[in-house]
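Student: Before we start, here is the structure in question, set down as structure tokens.
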Amino acid sequence: MPSPFFDIREFPLIQPEAELALFGVAILLIDTFLEKREKWFNAATALVGVGFSTLTLVGLPDFLVRNLQGFAGGRFAIRGLAGMMRGAEAANPGFPGFPGFNGTILVDHFFIFFSLIFLAATALVILLSVRYMEIEDEHHGEYYALMLFATVGMMFMASGVDLIVQFLGLETMAISFYILAGFLRRERRSNEGALKYLLLGAFSSGVLAYGFSILFGLTASTNLFDIRAVLARSYKPDDILVFLAFVTIAAGLFFKVAAVPFHQWAPDVYEGAPTSITAYVSVASKTASFALLLRILYAFEPSKSLWLILVAGVAVASMTIGNLAAITQSNVKRLMAYSSISHVGYILLGVVAAYSQEDGLNATALKGIAFYLLVYAFMNTGAFAIVILLRRQGLIGDELEDLNGLYKRSPGAAVLLLIFMLSLAGIPPTAGFLGKYYIFLALIETKHYWLAVFGVLYVVPALYYYFRLVKHAWLTEPADALRPSVTFGQAVALAATVLITLGAGIYPEPFARLASFAFALGR
Amino acid sequence: MTPTPYFLDHIWLIPLFPLAGAALMILLGRRLPNSAVSAVCVGSVFVSLFYAAGAVWQLVALDPEHRVFQKILFQWVPAGPMHTSAGSAVNFVADWGFLLDPLSAVMALVVTGVGFLIHLYSIGYMGHEGGYYRFFGYMNLFMFSMLTLVLANNMLLLFVGWEGVGLCSYLLIGFYFLRKSAADAGKKAFIVNRIGDAGFLLGILLTVTTLGTIRFTEIVPALAAGHFAVGASVLTAIALLLFVGATGKSAQLPLYVWLPDAMEGPTPVSALIHAATMVTAGVYMVTRMNAIYQMAPRALEVVAVVGACTAIFAASMGLVQNDIKRVLAYSTISQLGYMFLALGVGAFAAGVFHLMTHAFFKALLFLGSGSVIHALSGEQDMRKMGALWERIPTTARTFFVAALAIAGIPPLAGFFSKDEILGKTFERFPALWIVGFLTAGMTAFYMFRLVNMTFFGKSRVAHDVEHHIHESPRTMTVPLTILAVLSFVGGWIGWPASLGGTNRFGRFLEPVVAARLGERAESAGGQAASMEHLLMLVSVAIAVAGILLARYLYLQRTELPGKLAASWPRLYRLVYRKYYVDEIYDAMFVNRAKDLGTTLGAFDNAIVDGLGVNGAGWLTRVTSRLSIAWDTWIVDGLVNFLARVINLLSYPVRMIQSGLVSGYALLIILGVLIFLGYYGFHIR
Amino acid sequence: MIPVSHYLFLSLALFIIGVVGVLTRRNVIIILMSIELILNAVNINLVAFSRLFGSVNGQIFALFVITDAAAEAAVGLGIIIAFFRNRETVLADEMDLLKW
Amino acid sequence: MLDSVLFYFFGGVAVLSALLVVTRRNAVHSAVFLITALLATAGIFLQLRAEFLFIVQIILYAGGVMVLFIFVIMLVNLDVALHQLKFNRQTWVAVILAAALGGMTAFAIYFARHNQNSPVFQIPAAAAARLEPNTELVSRGLFHEYLLPFEIASVLLLVAMIGAVVMAKKKV
Amino acid sequence: MDFFANHILSVVLFTPLLGSLLLLFVPRESENAHRVLGNLFGILAFVVSLPLVAWFQAGKPGYQFQETANWIPSIGATYHLGIDGISFLLVMLTTLLGAISILSSWSAIQLRKKEYYILFLLLQTGMLGVFMSLDFFLFYVFWEVMLVPMYFLIGVWGSDRRLYAAIKFFLYTLAGSVVMLLGILAIYFKAGGTTFDVPTLLNAVANFPDSLKVWLFWAFFFAFAIKVPMFPFHTWLPDAHTEAPTAGSVILAGVLLKMGTYGFLRFSLPLLPQGHEASHKIITIMIVLSLVGIVYGALVCMMQKDMKKLIAYSSVSHLGFCTMGIFVLTPLGLSGSVIQQINHGISTGALFLIVGILYERRHTRLISEFGGLSTPMPNFAAVYLIVSLSSLGMPLLNGFIGEFTILFGTFEVSKTWAAWGTLGVILGAAYLLWLYQRVMFGSVTNPANEHLRDLNAREYATLLPLVALAFWIGVYPKPLFRYLEEPVHEIVQKANPGYYKGERAAAPALPLAPRVAAEKQLHVAGGSAPATDASKPAGAAR
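Residue numbers (the working numbering), protein chains in the order written: chain A, -9 to 513; chain B, 2 to 685; chain C, 106 to 205; chain D, 16 to 187; chain E, 2 to 543.
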């Protein structure tokens, strides 16, 4: 008998999230039975969960196409992941896919692409966490459960096309992160970071919610597509209340992606949080927030003439402040925080380019954003992984001096660090270069020459501070001869990140296709 | 078509023999015994001489109209298409090609001949020096360069030789590289020459862009085809630029300063390079390009005036020098001035003639002085010589012949050549004739001052040297003798028509230097024989007067020169100090700094020692310092400044990051406010 | 019938008061309370619009905002406790270990 | 009429107590006034015919969250805090900025209301009158249209629960 | 063999990379293995490039040995290699100097040998890639790739201020090249956004509006001008050269700087606007910068106390000639410029080797520390002299051919420019000879210098090839000109079409310029050959 509330056939649309949530709960339950030295089993469970979810996700398009043709969402074509990688043509531009649950979510390429990034980041961070949390002596099941729940939140952020779903997804993720950031409860810096994160995060959520409420009031709907339609139909592009809604929503989201001037939480939280969580925050949270931002900006497209310059300004400010402040940092995590702020600037430049076209969105820019986010996830995680390697009993390893002579102590790690730094700075043949390449190309296509010049010139100071890390690792003498040891999990994570970082740089074709299909672009 | 005669066909070998010798010396010289070194090097020059003689013999055998032989080995710089300034497209090519015509024949013979004698002489002279093989290697390299210079069929290849001889001069002047003064002198020579070379190079470029060719054989046709007017400014410019090169190489005003210093080199070097051959390269080059010069009368006037001024200027400086080689050095400059005077008045053949005779007697003079110095264990100051006539008879007698020759006493070689120049000058620029005439007197005076101070009168030789005085070995005296003979009879081939001769030399050169392009045909007219006789008489008279005056002052009233010097102290000092030219050069560039230096301190040494005495160096150095300052403070400074600013900016950015939550929240609100405020701007 | 703009002004007043609280207070707990005020303001907006449109969507949204506010409060207070254990303070301007 | 009285009364109380929340030195006082503000808001909800939300507001906020607040205040109660400055150094700047923000937003609303004729201000009052007591509607929306958010909210609350426990528990 | 012939460029390109990959697997402990293997691959890279000499057809238009493979089809980037005469010469220079400088490191590098050779070979691949790429994307990748190994070569094996110099080098070059990236993207986009193929895009560029071309030109300008380096962008160079290890300096001066000039030739010239005004302005700026560089570099050389710094600044001066030759846009200037690039690689490379040799013996580069070295090291003195002369443009050595041809090409366009250029020639003699004199002449004053070893066999092996080349180019540069004839012609036709069109017929055609090979006219006159009076055109035999 069909449920009065929802059609059970829609369940597959949220199956990946459901699996993650179930594994999260399972971890909480199993954790109570585990001895202290058996806690790694939680990580294994979490990994299995991520694996399941990934498999489901990858199979999802084919499954949906097979089983749900003619169903509510059938009006959109969707292609399997294999098709995405191969580069088959997509039917519709925009955001095609399967809407479900009364149109509150949309399972499309965009969702799948971003969810894959989240899952990959989660898996990598889990791999990197085991030893780290053991050293911190805070190795609890909740840690992994929360990561899985955060992933659930992120995935809903990516799939949600309804303000409420997005808001709840965002909050689920955010609250998980507040806790994770403060997970080292006996560590004063961790406490402080978490508290700051929470206060500012909640504050910004409040601002965001205020914006949502205005937006709801203006359009009488919580569905983004309806909102977009109403905005296009009934409002002038420069309506002041639309702008008010945009500003407050943007402030909330810019906060989440850590764009200037809403960035200040990032360095403190990055420094205070456990390094593995820092990596997670900098990669997953940022990517998810971008997914949300992209969805919402799409709804705001009718009034883009109003906000495009604002975004451009934020982008330039982010690059400027991020790069400037990073130059003199001596703490690697803070430095990476500022660097991530500047990366946000680049991605926002892509956003500017994407919306600068007369009609429709600029394909190159969308591709660039997707590619950038994809490679950013891997290269940034990789960079943090090196910092995590340095962690050992009695040494946090997040000061530049701690890198000294890394080359002598562990040549492999030093080489990897070099590769990640090059990629972050955007030097070919690494993936980071390709990301920037697309952004710049899009800017040029949309005639934002000066933004492009800004963008490229900021590569130079960026390189300078990234190479401060390299300098310490390669060109200075080690303070102690201790070789960082690498666990199997860490090795796997490093291998995966470096493989993608280099692979997407040397042979970017499949990744480029993947990126295009995030927005179901033809090319 | 009969086969080309052997020697003509192999003129390209002439420079190659010495090159082979030089290469051998550089590669293996250190392991060879001195005898082998001398055999190889002197031998190679002799073979060159032999080939040169053979080639000239075969050239002379040709009909005078056909005495132009070109041998092109291969393309050297086939640089490609270019446009002449007239707009026609040509393909620029410079060959490895050799040209034998009467002019280069004369030069080749002089170079190989005198060169051979000097090589021979060097065996004895350099026998006890270290670096024997190096010396001969350099000498052979020099022979190669010089022969390339005179045999080149195009300007660029000539430039190869031109630079080559400059290099060898640098190396040979600096042969005693342990002596700082020698090394400095070498560098000064090279760099002053480079200044001239730059002019020469520009001259070549201008030639090529004007005429489209740099082959000597094609210049005349190109001039004809280009329909240039006589006195066309571009031709004058070419001529002057080339002449700048010539003044550098041939030590004319104002670039002569390097030559006296060049006497730091071994004496055979002075004889070969700084008297007989290299310094005459400028004369050769101008003669070679006479077609252009003849079209540029203004330039010729400049040449004549510079030549005359140099002649008298240098001669006057020679009057009071006490270093035997320096006297000869100034004499060389003066004689070179003569040659340019000849060229300037259009008497190209006369110039080359004087070049040849000068090569004989000046080489002899240098070698003789070398012999004297050799005998006196290295003493060069004439005030410490005297009464050597009997002690070193061969040297003294040959030297005497040479002195007579340079003084212009008939029938020695110098008389004919000098007389021809003076005659031609009188025809054209009587004013310059007076200069030349006075110079002749001065020349006679200072030469016999030298002879008298060295060989006659009382011996002023230091005691410890006294015992060692000895005649030089055979290898040195034989070349002296041969040169003496040449100095005596060498002029006879140019026996002027006015004295019943036929001036074979002039006629031999005629095809090369003939005034071809109409304009100056009248100058060939010549003047009455009686006038010529008168001129000869006058010039011989002044020469004799000079000789007698020297005898009077330096043998009979030996105290008089001192008194004279005392009564006109300023004048004496002026002349003795070479008109303070080095000092003026210094003063123009260096002394300002010196003044500064004495008051300010340390500065001084760096500047004066810096680039040697060369005045231009000061300016260069100051500019250089400024440039460095500019580099460090402005260019780099700006960049570093930018970096520092960025670095500094980093701090305020970080300061905002106060660590206080309220502050962060405030910034968030500020951001929202800015966003909202933007709306106002946007609406407006 | 009270015009919707009145509700908007009321909500705005609460929002701004909440913002002032966040910006000026030193006590972290009161900052957290101010955030509650902000969310409350949001709810007034939502409910007012809900009534305006004659649909309950706004109320449902408000319900979720309340849920979120509760969750944030719970976690926030938890973190405050943890912080207090280590630092013996709840003053915002004494949280300055992490800066620059 | 009653509507107006209720609105202005509750609105006034809400604003006043909100002001007191942010100005009281003692956190307990602030908490009490927060309860007042929340209750006043509940009144507004009631006035807006949102009786389910009215109840939720009272039970969840005033009953649940505020107890938590008071509890924590008691737990970390610092008498010293009573003698310290209430406000931080940037207070005046903050107030000015906040006022500017409020002013601008208010202007925006006012401007939109009077000049721009935003559709939202065009909706006839008749539509509003239609909204009847609606708890059932809410439940329908919650379990039908917004079923998924409801599910997500469960995850959110689970996270919050874990978080509160993890953060607050004393021993590892 | 067929594969080898068809993929010769790839083979040449990846041989060094293969070497560095192999070296990765050689354990750190076996020290000699690294040197041996490094040298082996250095030489092997040169050897495999030799067939190019045999197979390259001078005078054939277009690119040769082209190879194309798909790479990133979605953006239109391909793996496209190919060389013309210009890149051929530069490739050969790179492989030769690469082998030589690796050899020169044999005993100079004692620290972290494994990494040294790995990085050096990597650098080699990067440089070769720049010269071979016919795809903008590929070009840019190689362009940036080679920064990294160079950074480490300077930063790890450099001298005292190496860290500063290394990062300065990196940042400077990067700053230029990122702007170039924008230029590339703009061309790519304006040309349709489907391909990065260099020949295609450069053809497309011809139809761009002038204003766009001007912008593009300046975008590219910074990358190349910094790399060359042209006058106001040169300050990274003295630092980098001075601090780098010997081999690094050799490669830096010998090859890396040529990337800038190569970029100008290949990419900037086609971007010159067609409008006379605009292009004239650009050209004037470029030439004036070059001239300032020539004179300025030379002047700064005068007062340097550090030998390496002096030579570094001399590079500024010499490269000024190269850029001047490029921008006069005459065939002579262009071919002269390329030849001078080769020459500079040879001469300055050799000079750096020489300084390296002294440094290895005395561990100082201060000129004042030396003096009178001719006595203990006579052979060294001879080689050094030849190299100095070659650098200062002595005829019969390579430098002269380049400088002369450039001056010639310049003179055709402007006599004033050429005159200023000659000033550089004069100064060049001054500073190099003065340096030589201070180091080699005089008596040995510093006791440390008394018993310096003369050159050993390995040092001979590094220097003599360069000396031989210097002589060869000086005496018989014709092959070089032949390689350059065609590409230069193509460039001039594109960048300065007026040059060939504007051949005025006003002046009567003279039988002056023999296009015929000179071998055919050995006998112009003489013997019983037809009379060639001096008053008649001497071209009778033609």
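Glycine included, each C-beta is placed from N, C-alpha and C at the ideal position. Small disclaimer: the values here were computed from a predicted structure and weren't measured.
#1: Confirm the yes/no value for this check: CB of Ala56 (chain B), any heavy atom of the ligand ADP, distance under 8 angstroms.
#2: Between the segment 418 to 431 of chain E and chain B, which residues of the former have CB atoms less than 8 angstroms from a CB of the latter, in chain order?
#3: If the cut is a Cβ gap below 7 angstroms, which residues of chain D does Ile670 (chain B) touch?
#4: Hey, out of B:Ala272, B:Gly128, B:Leu20, whose CA is closest to Ala330 (chain B)'s CA?
#5: According to DSSP, is Met383 (chain B) part of a helix, a strand, or is it coil?
#6: Say whether the segment 111 to 124 of chain D touches the segment 165 to 177 of chain C, bearing in mind that this needs 3 or more beta-carbon pairs closer than 8 angstroms, one atom from each stretch.
#7: Comparing C-alpha positions only, which one of A:Leu385, A:Trp255, A:Phe374, A:Ile169 sits nearest to Arg469 (chain A)?
#8: Helix, strand or coil, according to DSSP, for Arg36 (chain E) in the structure here?
#9: Could you check what DSSP says for Glu451 (chain E) in three-state terms: helix, strand or coil?
#10: By how many angstroms is the C-alpha of Leu114 (chain A) removed from the C-alpha of Val179 (chain E)?
#11: Compute the Euclidean distance between the alpha carbons of Ile492 (chain E) and Arg327 (chain B), then round it to the nearest angstrom.
#12: Looking at chain B, is there any beta carbon in it that lies within less than 9 angstroms of the beta carbon of Ser279 (chain A)?
#13: So who's on the other strand from Trp97 (chain B), going by DSSP bridges?
#14: Considering only residues of the segment 5 to 56 of chain B, which uninterrupted alpha helix (DSSP H) runs meet the minimum length of 4 residues and lie entirely inside it, listed in chain order?
#15: Would you please verify whether the beta carbon of Ile73 (chain D) is less than 9 angstroms from any beta carbon of chain C?
#16: Alpha carbon to alpha carbon, how far is Leu85 (chain E) from Ser182 (chain B)?
#17: So the alpha helix (DSSP H) Asp216 (chain A) belongs to, where does it begin and stop?
#18: Looking at the secondary structure, which residues open and close the alpha helix (DSSP H) in which Leu556 (chain B) lies?
#19: For the beta strand (DSSP E) containing Glu68 (chain E), list its first residue and its last residue.
#20: For Met200 (chain C) versus Leu489 (chain A), is the C-beta distance shorter than 9 angstroms?
#21: Under three-state DSSP, which class holds Glu389 (chain A)?
#22: Closer than 9 angstroms, CB to CB, is Asp470 (chain A) near chain B or not?
#23: Would you mind stating whether Ser330 (chain A) and Ser400 (chain A) have Cβ atoms separated by less than 9 angstroms?
#24: Show which residues of chain E have a CB atom less than 7 angstroms away from the CB atom of Val449 (chain A).
#25: Cβ of Asn641 (chain B) less than 9 angstroms from any chain A Cβ?
#26: According to the neighbour-count rule (16 or more other Cβ atoms, all chains shown, within 10 Å of its Cβ), is Met89 (chain D) buried or exposed?
#27: What are the residues of the segment 138 to 150 of chain C that lie near chain D, defined by any Cβ-Cβ distance shorter than 8 angstroms?
Tutor: Put simply:
#1: Ligands in the displayed structure: none, and consequently the ligand ADP is not present.
#2: Ala419, Ala420, Thr423, Leu424, Val426, Ile427, Leu428, Ala430, Ala431
#3: Leu112, Ala113, Leu116
#4: B:Ala272
#5: helix
#6: no
#7: Contrary to the premise, residue 469 (chain A) reads as Ala rather than Arg in this sequence. The candidate whose alpha carbon is nearest that of Ala469 (chain A) is A:Leu385.
#8: helix
#9: coil
#10: 32 angstroms
#11: 56 angstroms
#12: no
#13: B:Phe75
#14: 7 to 10, 14 to 29
#15: no
#16: The identity of residue 85 (chain E) in the sequence shown is Asp, whereas the question assumes Leu. Cα to Cα, the separation comes out at about 51 angstroms.
#17: 214 to 224
#18: That residue, Leu556 (chain B), is in no alpha helix (DSSP H); it is neither H nor E in DSSP.
#19: 65 to 73
#20: no
#21: strand
#22: no
#23: no
#24: Leu175, Val179
#25: no
#26: exposed
#27: Met138, Ser139, Glu141, Leu142, Asn145, Asn148, Ile149
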